[in-house]
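Using the numbering used here, read the sequence shown as starting at 448 and increasing by one per residue.
Positions of the beta carbon are idealized from the N, C-alpha and C atoms, including for glycine.
Predicted model, so just to flag it, every value in this text is computed and none were measured.
A short write-up of the structure that comes next.
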Amino acid sequence: MDQIFEKKLSEIGLSLSGKQHDQFNRYYDLLVEWNKVMNLTGITEYDEVITKHFVDSLSIVKAVDMNHVYKLIDVGTGAGFPGIPLKIVFPHLNVTLLDSLNKRILFLDTVAAELDLEYVSPIHGRAEEYAHMEKYREYYDIAVSRAVANLSSLSEYCLPFVRVGGIFIAYKSDDIGEEMLNARKAITVLGGKEKEVLKFTLPDTDIKRSLVVIKKKKETGKKFPRRAGLPTKEPIH
448 MDQIFEKKLS
458 EIGLSLSGKQ
468 HDQFNRYYDL
478 LVEWNKVMNL
488 TGITEYDEVI
498 TKHFVDSLSI
508 VKAVDMNHVY
518 KLIDVGTGAG
528 FPGIPLKIVF
538 PHLNVTLLDS
548 LNKRILFLDT
558 VAAELDLEYV
568 SPIHGRAEEY
578 AHMEKYREYY
588 DIAVSRAVAN
598 LSSLSEYCLP
608 FVRVGGIFIA
618 YKSDDIGEEM
628 LNARKAITVL
638 GGKEKEVLKF
648 TLPDTDIKRS
658 LVVIKKKKET
668 GKKFPRRAGL
678 PTKEPIH
């Protein structure tokens, strides 16, 4: 099984140490174990988890050199994707994992402890609140999200966390054209600028993906993000 993982990773220019292999295997075991009692993922087959969660999470290396990123926040992290795989492969990262469901945070605390990951902070809360706290606002080199939300809403959740000069990367499906058009105003209003949309196919599949890369050009206005629920109910258009 590890050879399959190694082959898929080599296609995006990555390789793992023995320790990192062990960490991914333990992560997989915990994911399946905890998934029996709470809904973490609909994907549990080993080779599917490798492709659709692990390799997909790590595909960000196509867009950014992670060796030059130090502070990362994963907004709406769920079961820890993409934050945990990125932390395993790039152990120098200081990673914040933000999710609104506390039981997911308990899972992520367990993962961080079992995998012996330092500088990982799972936080229970909403982006609309944490992005207004001085400790987190415009603090991160990069914000990432695989959360299911339209790009306009995601930009409002994520860009306030990013320092000027940093980037926000949204993991999206292939068909992103209309969503990009609808998000342009929001991205500009929030201090961002579209840098590129990188399209690719997950190794050994026909699953097409997009990485939307947004550069933070200026500070986000103090009123953003708006109060809980509004970025989703009333996206900036």
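| Asked | Found |
| --- | --- |
| The segment 548 to 560 contacting the segment 573 to 581, beta-carbon criterion three pairs below 8 Å | no |
| Contacts around Leu658, its chain only, beta-carbon distance under 6 Å, and the 5 residues preceding and following it disregarded | Ala510, Ile616 and Leu645 |
| C-alpha distance - Asn486 paired with Val479, whole-angstrom precision | 10 Å |
| Start-to-end residues for the alpha helix (DSSP H) that takes in Thr488 | No alpha helix (DSSP H) contains Thr488, which DSSP labels as neither H nor E. |
| The segment 518 to 533 / the segment 585 to 593 touching (three or more Cβ pairs under 8 Å) | yes |
| Limits of the alpha helix (DSSP H) - the one that Leu550 falls within | Note on residue identity: the sequence assigns Lys, not Leu, to residue 550. First-last of the alpha helix (DSSP H) with Lys550: Asn549 to Glu561. |
| Nonlocal neighbours in the same chain, by C-beta distance under 8 Å from Ile656, ignoring five residues either side | Looking at the sequence itself, residue 656 is Arg, so the reference to Ile does not match. Cβ neighbours of Arg656 beyond the five flanking positions: Asp503, Ser506, Tyr618, Lys619, Ser620, Asp621, Lys646, Phe647, Thr648 and Leu649. |
| Touch test, the segment 662 to 672 against the segment 453 to 466, Cβ-Cβ under 8 Å, three pairs minimum | no |
| Closest by C-alpha distance to Lys680, when choosing among Gly460, Leu545, Leu598 and Leu553 | Leu598 |
| Nearest to Val496 (by Cα), restricted to the options Leu545, Arg631 and Arg473 | Arg473 |
| Assigned exposure category for Asp588 - 16 Cβ within 10 Å defines buried | buried |
| Rounded straight-line distance, which links the Cα of Ile570 to that of Pro538 | 19 Å |
| Helix, strand or coil at Leu598 according to DSSP, with G and I counted as helix | helix |
| Identity of the residues DSSP links to Tyr618 by a beta bridge | Leu658 |
| Extent of the continuous beta strand (DSSP E) run through Ile589 | Tyr587 to Ser592 |
| Short Cβ contact (8 Å threshold) for Phe608 with Tyr586 | yes |
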